[in-house]
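Everything on this sheet refers to the single structure shown next.
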Amino acid sequence: MTEIGLKIYDLLKGTHVRHTMGFLEESQYWSLEELQEFQGKKLKDLLNVVEAEVPFYREYEGTREREYENARIQEGESLIPSRIPEFSNSHTPIIYKLMVMKAGDELLSDKINLKKCKMSRTGGTTGPPLRLYRDTETRSWALAAYYRFYGWMGIEPGMPEVELWGSTEIRYQKSDTRSQKFPRPSHRVPRPGLFEKISKFRNYNAFSFNDAYLEEVVKRIQKFQPKLIRGYLSAIILLAEYIKRNNIKGINPIAVSCTSETLFPEYRKMIEEVFQAPLFNQYGCGECNSIAFECKEHNGMHVSMEHCILESDENNNLIMTNLDNYSQPFIRYKNGDMGVIDTNPCACGNAAPRLTELHGRANENIILKDGSSVNGIFFANLLDQAGFINSSKMLRFQVIQDVAGEIEFKAEVKRQMAAGDLGKIKDALMPFFSKVDISQHQFLDPGTGGKFRYIISNV
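With our numbering applied, the sequence shown closes on residue 1445, and no number is skipped along the way.
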């Protein structure tokens, strides 16, 4: 984004991204001790506020403690004593997604200003999405950390970029009269709007990536000549494989950036060979954006210590704290991801610890009946549109594929769902599959690894 674009964004959104970027440009050269001191101060301020203003934390004693124990047992985890003094001296335990889903509005501050919050949801890569409220403070710090990352990649403000992201909504054709809620998918590549033209930005729907769609996307990318290509790892892999398979030339970005899925060495090698550009990994989640970013040394992702705290237990389960969202605080939150944190110095000079491995996000895709390949976020979006995310009807889901274009859908429920509800789920899925088998279960087994898999592909 250009300097003028950031000024306009801050003015319209009430954020302070530009100011925070200036601060982060300096703090990236701080010592580890300086970063920890700054982090500790922000944490103390946050803990003081949430204990007074957030019902979820204020009412922890009693029923909340029992909820924690039940969630801990269901997740198959043990409470890990914190190595951070501020946490050890507080009454804040590790919390789980199941607890947060049950808490609902109790996780919101009594003093939340909804007009200054942006509502969104988690991506669904590690489970059902959660409704999130991000205030201007956390959005400012997250965006500033993200744009600092652009500098690490060698991307200057105003350089053209392409985003490969996902949306079920733009797959639909408005002319479809069979169902207003679940119309048939569309693979038409939309023309760029005014904002995209002015900002030198293009977005292409990663959930429409079959050969016909990719053919048109590649033509547009060749013409647009982006300096940065970023998006879901799975989408970037599909694009790279298409380019390689068809021996396509003329796409020469400065950098490629991926997120949302586990980056294995073979994927990195293939992508860098196809684009002849370095690949930069990044990590975040809906509860806390901009957690960690890869530097030019490519030996891990530096934790954004000025914005968050990232811990891990003896099983490498990641535990994160958003230091900036006072409206809906996530403190010592285990989001379902697994990774390894390295505290050894990095040659780039950044003293922040590095997330060197990320194992939590299964890199599996499901193939639709038309040949498109989608990930778990696709199903989370569909179910949210159908009204089953964050509802009492369904806790978790699992999609299993043994044959391309066909799936088995398993729903974890507290009580049996009505036939009408099962019909709604099937109506949402059938436009994309030739066969959908749905079953209900009181509990879905996490499997041998203890890590629940929402997507299982055997194709």
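Cβ atoms here follow ideal geometry from the backbone N, Cα and C, with glycine treated the same way.
Straight-line Cα distance separating S1420 from T1307: By one-based count along the sequence shown, residue 1307 stands at place 321. By one-based count along the sequence shown, residue 1420 stands at place 434. Between T1307 and S1420, the C-alpha separation is close to 42 Å.
I'd like to know if the stretch 1234-1241 and the stretch 1255-1264 are in contact, where contact means that at least 3 CB-CB pairs between them fall below 8 Å. yes
Grab the span of the alpha helix (DSSP H) containing G1409 for me, first residue to last. On the sequence shown, residue 1409 is found 423 positions in, with the first residue counted as 1. It spans A1405 to L1415 - the alpha helix (DSSP H) in which G1409 sits, taken as one unbroken run.
Three-way DSSP call (helix, strand, coil) for F1316 in this model: As a first step, residue 1316 must be located in the sequence shown, where it is residue number 330. Reduced to three states, the DSSP call for F1316 is coil.
Excluding the 5 residues preceding and the 5 following Q1426 in the sequence, name in chain order all residues of the same chain whose CB lies nearer than 7 Å to its CB. Here residue 1426 refers to the residue found at position 440 of the sequence shown. Closer than 7 Å at the Cβ level, and outside the excluded window around Q1426, lie A1397, V1399, Q1402 and M1403.
Can you pull the DSSP bridge partners for M1287? Mapped onto the sequence shown, residue 1287 falls at position 301. Bridge partners of M1287: E1280 and L1341.
Under 6 Å Cβ to Cβ from S1013, same chain only, skipping five residues before and after it: list those, please. Position 27 of the sequence shown, counting from 1, holds the residue named residue 1013. Excluding sequence neighbours, S1013 sits near E1292.
Please say whether A1089 and L1010 have beta carbons closer to each other than 9 Å? Locating residue 1010 in the sequence shown gives position 24, counting from the first residue. Locating residue 1089 in the sequence shown gives position 103, counting from the first residue. Contact: no.
How many whole angstroms separate the CB atoms of I1352 and I1393, which I take to be in contact at a CB cut-off of 8 Å? Position 366 of the sequence shown holds residue 1352. Position 407 of the sequence shown holds residue 1393. The Cβ separation is near 6 Å, so the contact holds.
Along the chain, where does the beta strand (DSSP E) that runs through K1396 open and close? Within the sequence shown, residue 1396 is the residue found at index 410, counting from 1. K1396 -> beta strand (DSSP E) spans E1392 to E1398.
In this structure, how does DSSP classify E1247 when only helix, strand and coil are distinguished? Counting from one through the sequence shown, the residue named residue 1247 turns up at place 261. E1247: coil per DSSP, three-state reduction.
What number of angstroms, rounded off, separates the C-alpha of I990 from the C-alpha of K1355? Walking along the sequence shown from the start, residue 990 turns up at place 4. Walking along the sequence shown from the start, residue 1355 turns up at place 369. Each residue's Cα considered, the two are about 44 Å apart.
With a Cβ-Cβ cutoff of 9 Å, do W1151 and F1266 count as a contact? As a position in the sequence shown, residue 1151 is number 165, starting the count at 1. As a position in the sequence shown, residue 1266 is number 280, starting the count at 1. No, the Cβ-Cβ distance between W1151 and F1266 is not below 9 Å.
Going along the chain, which unbroken runs of the alpha helix (DSSP H) with 4 or more residues stay wholly within the stretch 1210-1234? 1219-1231
Pick helix, strand or coil for E1051, following the three-state DSSP scheme. As a first step, residue 1051 is located in the sequence shown; it is residue number 65 there, counting from the start. Only weak support is given to the placement of E1051: the predicted model assigns it a pLDDT of 49, under 50, and the value that follows is read from those uncertain coordinates. Correct three-state label for E1051: helix.
When DSSP labels each residue in this structure, what does E1045 get in the three-state scheme? Here the question's residue 1045 lines up with position 59 in the sequence shown. Looking at E1045 - three-state DSSP - the assignment turns out to be coil, as it is neither helix nor strand.
Is V1175 helix, strand or coil when you go by DSSP? One-based indexing of the sequence shown puts residue 1175 at position 189. V1175: coil per DSSP, three-state reduction.
Reference S1243, options Y1228, E1252, A1221 and I1229, closest by Cα: Here residue 1243 refers to the residue found at position 257 when the sequence shown is read from its first residue. Out of Y1228, E1252, A1221 and I1229, A1221 has the C-alpha closest to the C-alpha of S1243.
DSSP three-state label for N1351, please. What you label residue 1351 is simply residue 365 of the sequence shown in a count that begins at 1. Coil, per DSSP.
Quick one: what does DSSP say N1302 is sitting in, helix, strand or coil? Against the sequence shown, residue 1302 aligns to sequence position 316. Looking at N1302 - three-state DSSP - the assignment turns out to be coil, as it is neither helix nor strand.
Cα-Cα, which of Y1228, A1333 and E1142 is closest to K1186? Taking the sequence shown and counting its residues from 1, the one referred to as residue 1186 is at position 200. Ranking the options by Cα distance to K1186, first place goes to E1142.
Check each candidate in G1362, N1275 and P1339 and name the one with the smallest Cα separation from L1129. The sequence position of residue 1129 within the sequence shown is 143, counting from 1. Of the candidates G1362, N1275 and P1339, the one whose C-alpha sits nearest the C-alpha of L1129 is N1275.
Would you mind stating whether E1037 and Y1312 have Cβ atoms separated by less than 9 Å? Residue mapping note: residue 1037 aligns to position 51 of the sequence shown, counting from 1. Residue mapping note: residue 1312 aligns to position 326 of the sequence shown, counting from 1. It is not a contact, given that the beta carbons lie outside the stated cut-off.
Best match in V1204, A1241, F1210 and T1245 for proximity to N1233 [C-alpha to C-alpha]: Along the sequence shown, one-based indexing puts residue 1233 at 247. It is V1204 whose Cα lies nearest to the Cα of N1233.
So, is R1157 buried or exposed, given that buried needs 16 or more other C-beta atoms within 10 angstroms? The count along the sequence shown starts at 1 and reaches residue 1157 at position 171. Its pLDDT being 37, under 50, R1157 is placed unreliably by the model, and the measurement read from it follows with that caveat. Per the 10 Å Cβ criterion, buried.
Sorted by chain position, which residues of the same chain lie with C-beta nearer than 7 Å to E1092's C-beta, five sequence neighbours on each side aside? In the sequence shown, the residue the question calls residue 1092 occupies position 106. Closer than 7 Å at the Cβ level, and outside the excluded window around E1092, lie P1041 and F1042.
Looking at the structure shown, is F1429 part of a helix, part of a strand, or coil, going by DSSP? To locate residue 1429, count along the sequence shown from 1; it is residue 443. Here F1429 sits in coil by DSSP.
My understanding is that F1193 touches S1358, with C-beta atoms under 8 Å, so please give their C-beta distance in whole angstroms. Position 207 of the sequence shown, counted from the start, is the residue given in the question as residue 1193. Position 372 of the sequence shown, counted from the start, is the residue given in the question as residue 1358. Going by Cβ atoms, the distance from F1193 to S1358 rounds to 7 Å, so yes, they are a contact pair.
Please state the DSSP three-state secondary structure of T1307. Taking the sequence shown and counting its residues from 1, one reaches residue 1307 at position 321. Strand at T1307.
Classify E1252: buried if its beta carbon has 16 or more other beta carbons within 10 angstroms, exposed otherwise. The residue labelled residue 1252 in the question sits at position 266 within the sequence shown. Burial call: exposed.
With a threshold of 16 other CB atoms inside 10 Å of the CB of F1195, please say whether the residue is buried or exposed. The sequence position of residue 1195 within the sequence shown is 209, counting from 1. Classification of F1195: buried, given that the 10 Å Cβ count is 16 or more.
For the alpha helix (DSSP H) that contains D1370, what are its first and last residues? The residue you call residue 1370 lines up with position 384 of the sequence shown. From DSSP, the alpha helix (DSSP H) with D1370 extends over G1362 to Q1371.
Quick one: what does DSSP say V1040 is sitting in, helix, strand or coil? Here residue 1040 refers to the residue found at position 54 of the sequence shown. Three-state DSSP puts V1040 in coil, outside helix and strand.
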